[in-house]
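*Asks:* In the working numbering, the protein residues as written are 731 to 987.
Every residue gets a Cβ at the ideal spot worked out from N, C-alpha and C, and that includes glycine.
Before we start, here is the structure in question, set down as structure tokens.
Next comes the structure, spelled out in structure tokens:
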């Protein structure tokens, strides 16, 4: 750690010199971007990267076995993403719907990824819907989140409020992955638009954010008859059937008894 500390301090000094030199070059009207020596730019990237690595190790945000070799190569973009994950996601712009998060484990100090579990509270229904507990969360939300936390990821519980749609979408951009636990029909029942929500999730996917399940999967497999559609697969049961009218139910159900 001492050698890393020394290297980081020297790198930080080098970075300050690079910044100062770059400022002088850019402030000159005769200077151009091509006038900045490549060595100075590379040195600055190495310095900032090394300082970040030192900071991450000191705070416990990064747990790395670092061996410096020449030439030094540091993925600064990945470093910045990892350091950012160590800060709690800012959800202050969103309404806190649930009464409490009883049973939720503490978030990891150095999460490998940031995740969010999205729910919907139907305000016109008792307890927010038949799938909700008295605190406003789905019965399985806390176990889901704790599973993510036990795997080393952070997981925030967020309720989608359609009046705050734009704020919600911006807040979700802080996460690496989003687990959608909104039953089909509940967003509409609360006065929102399922199509608008789905389009927002598709937009987040285009940014590289994972959405589980995706809107397209929910559209084709979200109904309970999904079990019927996979009945012929290894994970399904061949005698799983769906009935869409009373006559079919009377005939089919008697055969299975």
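Name the DSSP beta bridge partners of residue 846, please?
*Replies:* Residue numbering aside, residue 846 sits at position 116 when the chain shown is read from its first letter. 886, 908, per the DSSP bridge assignment.
*Asks:* Which ranges would you report for the alpha helix (DSSP H) in the stretch 937–977 if only whole runs of at least 4 residues count?
*Replies:* 945–951, 956–959
*Asks:* If we ignore side chains and look at the alpha-carbon of each, how far apart do residue 983 and residue 974 end up?
*Replies:* As a first step, residue 983 must be located in the chain shown, where it is residue number 253. As a first step, residue 974 must be located in the chain shown, where it is residue number 244. Looking at the two C-alpha atoms, the distance is approximately 12 Å.
*Asks:* Cα separation between residue 882 and residue 840?
*Replies:* Locating residue 882 in the chain shown gives position 152, counting from the first residue. Locating residue 840 in the chain shown gives position 110, counting from the first residue. Taking the straight line joining both Cα atoms gives about 8 Å.
*Asks:* Identify the continuous alpha helix (DSSP H) that holds residue 899 and give its terminal residues.
*Replies:* Working through the chain shown from its first residue, we reach residue 899 at position 169. Taken as a continuous stretch (DSSP letters only), the alpha helix (DSSP H) holding residue 899 covers 895–902.
*Asks:* In terms of DSSP beta bridges, what is residue 862 paired with?
*Replies:* Start at 1 with the first residue of the chain shown, and residue 862 comes out as number 132. 868, per the DSSP bridge assignment.
*Asks:* Can you say whether residue 950 is buried or exposed, counting buried as having 16 or more other CB atoms within 10 angstroms of its CB?
*Replies:* The sequence position of residue 950 within the chain shown is 220, counting from 1. Residue 950 should be labelled exposed.
*Asks:* Hey, would you say residue 875 sits closer than 7 Å to residue 832, going by beta carbons?
*Replies:* As a working mapping, residue 875 is identified with position 145 in the chain shown. As a working mapping, residue 832 is identified with position 102 in the chain shown. No, these two residues do not count as a Cβ contact at 7 Å.
*Asks:* With respect to the alpha helix (DSSP H) encompassing residue 918, which residues constitute its N-terminal and C-terminal limits?
*Replies:* The count along the chain shown starts at 1 and reaches residue 918 at position 188. Taken as a continuous stretch (DSSP letters only), the alpha helix (DSSP H) holding residue 918 covers 916–919.
*Asks:* Residue 767: buried (16+ other C-beta within 10 angstroms of its C-beta) or exposed?
*Replies:* Within the chain shown, numbered from 1, the residue matching residue 767 stands at position 37. Low confidence applies here, because residue 767 scores a pLDDT of 46, under 50, leaving its location unreliable; read the following figure in that light. With fewer than 16 Cβ atoms within 10 Å of its Cβ, residue 767 is classed as exposed.
*Asks:* Closest to residue 820 by CA distance: which of 965, 905, 922 is it?
*Replies:* On the chain shown, position 90 is the one that residue 820 refers to. For the residues 965, 905, 922, the minimum Cα distance to residue 820 belongs to 905.
*Asks:* Use the C-beta contact count for residue 960: other C-beta atoms within 10 angstroms, 16 or more gives buried, fewer gives exposed.
*Replies:* To locate residue 960, count along the chain shown from 1; it is residue 230. That one is exposed.
*Asks:* Does the Cβ of residue 989 have 16 or more other Cβ atoms within 10 Å, making it buried, or fewer, making it exposed?
*Replies:* Nothing about residue 989 can be read from this structure; the chain reaches only from 731 to 987.
*Asks:* Out of 955, 830, 931, state which residue places its alpha-carbon closest to the alpha-carbon of residue 899.
*Replies:* By 1-based counting over the chain shown, the position of residue 899 is 169. The candidate whose alpha carbon is nearest that of residue 899 is 931.
*Asks:* Please list, in chain order, all residues of the same chain as residue 891 whose beta carbon is under 6 Å from its beta carbon, the five residues on each side excluded.
*Replies:* For the purposes of this step, residue 891 is taken as the residue at position 161 of the chain shown. For residue 891, where only same-chain residues beyond five positions count, the Cβ hits under 6 Å are 825.
*Asks:* Can you say whether residue 867 is buried or exposed, counting buried as having 16 or more other CB atoms within 10 angstroms of its CB?
*Replies:* Translated into positions along the chain shown, residue 867 becomes position 137. Buried, by the Cβ-count rule.
*Asks:* Thinking just about the alpha-carbon of each residue, which of 934, 885, 843, 913 is nearest to the one in residue 851?
*Replies:* Within the chain shown, numbered from 1, the residue matching residue 851 stands at position 121. Among 934, 885, 843, 913, the Cα nearest to that of residue 851 belongs to 913.
*Asks:* Measure the alpha-carbon distance for residue 843 versus residue 907 and round it to whole angstroms.
*Replies:* What you label residue 843 is simply residue 113 of the chain shown in a count that begins at 1. What you label residue 907 is simply residue 177 of the chain shown in a count that begins at 1. Cα to Cα, residue 843 sits roughly 8 Å from residue 907.
*Asks:* Just tell me which of 926, 969, 970, 903 has its CA closest to the CA of residue 937.
*Replies:* Residue numbering aside, residue 937 sits at position 207 when the chain shown is read from its first letter. It is 903 whose Cα lies nearest to the Cα of residue 937.
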